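Trainee: Residues in the sequence shown are numbered from 0 upward in steps of one, following numbering that gives the first Met the number 0. Virtual Cβ for every residue (Gly too), placed ideally from N, Cα, C. Computed from a predicted structure; not experimentally measured. To start, I am sharing the structure in question, which I have written as structure tokens.
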Amino acid sequence: MSAVTYLTTTKHRYSLLSNNGSEDKLRLFAGSANVPLAQEVARYLGMGLGPMVRKSFADGEIYIQVQESIRGCDVYLIQPTCRPVNDHLTELLIMIDACRRASARQITAVLPYYGYARA
């Protein structure tokens, strides 16, 4: 199943629950690896990307903070692990940590390309 198909199915599932107000519990965020891809997925789903601040420290470490309340939300993080693979994978892990600290109900990483998937 492709990433867009999975997200479309998920969005449809939430739209069926809109009577319960569950549709607004779906959030989509982009890592820095391929923002245009994440924007295209968000446009396809008819929603926007959530605001997230990414800062780099002088020693190369990164800091990520979610800029909206995602408490109790289902969060989808779009971050392929293209070159540099380790940097993008580390960024994804820090994004997951930021979402956990912000009390997201469920976090799903969408990796259209996974750099360590070799056999």
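Can you say whether TYR43 is buried or exposed, counting buried as having 16 or more other CB atoms within 10 angstroms of its CB?
Mentor: Looking at its Cβ environment, which holds fewer than 16 other Cβ atoms inside 10 Å, TYR43 is exposed.
Trainee: So for ARG70, helix, strand or coil by DSSP?
Mentor: Reduced to three states, the DSSP call for ARG70 is coil.
Trainee: Find the nearest neighbour of ASP86 within the set GLU60, VAL74, GLN66 and ALA103, judged by alpha-carbon distance.
Mentor: Checked all of GLU60, VAL74, GLN66 and ALA103; the closest Cα to ASP86 is GLU60.
Trainee: In angstroms with no decimal places, state the Cα-to-Cα distance between ASP96 and PRO35.
Mentor: Their backbone Cα atoms lie some 23 angstroms apart in a straight line.
Trainee: SER31 to THR8, Cα distance in whole Å?
Mentor: Approximately 25 angstroms, taken between the alpha carbons.
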